[in-house]
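Under my numbering, read the sequence shown as residues 16 to 376, first letter to last.
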Amino acid sequence: MSFLELRDLKRRYGAVAALDGIDLDVQQGSRTAIVGPSGCGKTTLLRLVAGFDAPDSGTIAIDGLILAKGNNSIPAHLRGIGLVSQDGALFPHLTVADNIGFGLDRRDAAREKRIAELAYTVGLDGAILKRRPHQLSGGQQQRVALARAMASKPRLMLLDEPFSALDTGLRSSMRKAVAELLESAGIATILVTHDQGEALSFADQVAVMHEGKFSQVGTPRDVYLKPKDRMVAEFLGDALVLPATIADGVALTPLGRVAVDVTESRKAARIMLRPEQISLEPAVSGEIAGAEPGTVFAEVRQVEFAGAISTVTVGLLNSPGLPDVAAIGSAPVTLKKPGPNGLSVGDVVRLSIAAKAHVFV
Ligand code: ADP
Ligand code: MG
16 MSFLELRDLK RRYGAVAALD GIDLDVQQGS RTAIVGPSGC GKTTLLRLVA
66 GFDAPDSGTI AIDGLILAKG NNSIPAHLRG IGLVSQDGAL FPHLTVADNI
116 GFGLDRRDAA REKRIAELAY TVGLDGAILK RRPHQLSGGQ QQRVALARAM
166 ASKPRLMLLD EPFSALDTGL RSSMRKAVAE LLESAGIATI LVTHDQGEAL
216 SFADQVAVMH EGKFSQVGTP RDVYLKPKDR MVAEFLGDAL VLPATIADGV
266 ALTPLGRVAV DVTESRKAAR IMLRPEQISL EPAVSGEIAG AEPGTVFAEV
316 RQVEFAGAIS TVTVGLLNSP GLPDVAAIGS APVTLKKPGP NGLSVGDVVR
366 LSIAAKAHVF V
């Protein structure tokens with residue numbers, strides 16, 4: 016039995032199936048990230064788990080106790096679940112301190128100390144405790160919302176894009192701090208985000224959502240390196256998808272012979288590589304004729320500099336022992352490489368593949 020179990024959850028709004036059969040298992044103290052495009056049902060799912068809305072059918076259980084079965088539902092305040100919603104939803108008329116301490120007993124002598132501790136944990140300066148929400152930046156408001164949700168010591172924390180109002184640097188440090196905080200408190204967490212990097216670095220388990228369903232649920236490594244289909248692959252990052260024929264663990268592709276992660280033979284398969292699995296070495300065009308058969312050469316078509324990372328687009332050249340490029344109709348290959356890499360348009364490069372390619376089912 017898992018700590019949190021969702022079984023065949025469905026929720027429809029008029030003609031829209033916001034949730035169309037969701038199954039999920041979350042282990043005690045673990046971190047799950049849900050990623051998916053806008054409108055795929057992420058917020059609806061968290062609201063159902065928190066108890067702010069009820070499913071049309073399906074069940075939600077924590078520790079073996081059923082919280083919702085169809086629209087028979089235990090109210091939100093009895094569930095012991097914290098939710099930080101997308102907009103923070105602070106009480107505008109209360110000070111920051113009273114927002115954070117909303118669920119704490121007013122007669123408790125340790126209340127103020129606890130509020131100060133919570134503010135400190137989420138990185139808020141004590142000086143703003145007397146302010147009201149409208150006097151805070153978006154990022155500060157989200158941190159107040161997080162501190163308020165932590166105050167009631169929930170057994171499960173639901174975070175709906177809580178870092179989206181923060182700047183990049185602050186965002187990753189907050190994410191780390193929150194992850195450590197929740198982990199040390201042993202609180203299982205579900206984070207909703209549309210940031211793939213955030214999902215992959217935060218979670219033990221990533222669920223990729225599409226139109227009210229999970230396309231794939233797995234470890235960050237598995238969903239990234241062994242995506243179920245092209246949609247999942249491309250949602251989680253840049254992917255190079257190539258046609259291939261496979262025999263004896265080797266795929267014959269427009270990039271030459273590539274080792275793959277399956278052993279069975281396939282006549283018409285599709286393989287996937289992540290751009291960082293392909294390396295480029297400068298070469299000279301005179302080198303091609305005498306090169307070892309199977310070596311892949313390409314010409315740089317475009318270099319787009321963006322600081323630490325450059326996007327380099329290459330077109331394959333005819334190379335010894337490989338199918339004619341014109342005959343296989345090979346499309347340009349786009350790769351992300353460290354920023355200042357000295358490559359310019361027209362350069363000849365040698366491609367090599369460091370990893371086994373993934374074969375789509
Ligand atoms: P996400 O958080 O992934 O962007 P939502 O869960 O907010 O997506 O919405 C999923 C779908 O359900 C969307 O098509 C949205 O318009 C619809 N929806 C969500 N809440 C309601 C509601 N209260 N009434 C009608 N439609 C809704
Ligand atoms: Mg949402």
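C-beta atoms are modelled at their ideal positions from N, C-alpha and C, and glycine is treated no differently.
Is residue i near the ligand MG, in the sense that its beta carbon is under 6 Å from a heavy atom of that ligand?
i, result
"THR58", "yes"
Determine the direct distance from the alpha carbon of residue j to that of residue i, and round the result to whole angstroms.
i, j, result
"ALA274", "LEU34", "39 Å"
"LEU401", "PRO297", "Outside the shown range of the chain (16 to 376) lies residue 401, about which nothing can therefore be said."
"GLN101", "ALA284", "41 Å"
"ALA321", "THR183", "15 Å"
"ALA341", "SER334", "12 Å"
"ALA124", "ARG190", "31 Å"
"GLY357", "LYS351", "14 Å"
"GLY79", "VAL193", "27 Å"
"ILE368", "PHE18", "41 Å"
"GLY379", "ILE303", "The question about residue 379 has no answer, for the chain in this structure spans 16 to 376."
"GLY336", "VAL311", "9 Å"
"PRO177", "GLN157", "6 Å"
"PRO235", "GLY201", "21 Å"
"ILE75", "LEU61", "11 Å"
"ARG163", "ARG126", "13 Å"
"SER300", "LYS371", "28 Å"
"THR58", "PRO52", "11 Å"
"ASP339", "THR268", "11 Å"
"ASN114", "GLY73", "34 Å"
"MET165", "LEU196", "9 Å"
"SER88", "ARG46", "25 Å"
"SER152", "ASP38", "37 Å"
"ASP263", "SER280", "7 Å"
"LEU257", "THR328", "15 Å"
"SER359", "ARG170", "54 Å"
"THR208", "ALA180", "12 Å"
Which same chain residues, not among the five before or five after residue i, have their C-beta less than 7 Å away from its C-beta?
i, result
"GLY330", "ALA313, GLU314, ARG316 and PRO347"
"SER294", "SER367 and ALA369"
"GLU319", "SER325 and THR326"
"GLU20", "ASP40 and ALA76"
"GLY56", "ALA33, LEU34, MET224 and GLY227"
"ALA91", "ALA65, GLY66 and PHE67"
"LYS282", "THR260"
Just checking my contact of residue i with residue j at CB under 8 Å: how many whole Å lie between their CB atoms?
i, j, result
"LEU161", "VAL99", "5 Å"
"ILE130", "GLY116", "5 Å"
"VAL376", "VAL221", "Between VAL221 and VAL376 the Cβ distance is about 18 Å, and since that is not below 8 Å, they are no contact."
"LEU133", "GLY154", "Rounded, the Cβ-Cβ distance is 16 Å, inconsistent with contact."
Only counting the same chain, and skipping five residues up and downstream in sequence, which positions put a Cβ closer than 8 Å to that of residue i?
i, result
"LYS145", "THR110, VAL111 and ALA112"
"PRO107", "ARG147, PRO148 and HIS149"
"GLN211", "VAL50, PHE250, LEU251 and GLY252"
"ASP276", "LYS241, LYS371, ALA372, HIS373 and VAL374"
"GLY15", "With the chain represented from 16 up to 376, any question about residue 15 goes unanswered, as that position is not in the structure."
"GLY118", "ARG163, ALA166 and SER167"
"GLY141", "ALA131, ALA134 and TYR135"
Looking only at its own chain, which residues have a Cβ that is under 6 Å from the Cβ of residue i, when we skip the five neighbours before and after it?
i, result
"ALA254", "ALA248 and MET287"
"SER199", "none"
"LEU206", "ALA48, LEU174 and PHE217"
"GLN231", "VAL223, VAL238, LYS243 and VAL247"
At a cut-off of 6 Å, would you count residue i as near the ligand ADP, judging by its Cβ distance to the nearest heavy atom?
i, result
"VAL99", "no"
"SER88", "no"
"SER230", "no"
"SER179", "no"
"GLY54", "yes"
"VAL31", "yes"
"TYR239", "no"
"TYR28", "yes"
Exercise. If you pair each beta-carbon of the stretch 54-69 with each one of the stretch 23-32, do three or more pairs fall below 8 Å?
Worked result: yes
Exercise. Using 8 Å as the threshold, is the stretch 82-96 in touch with the stretch 236-247, meaning 3 or more CB pairs across them?
Worked result: no
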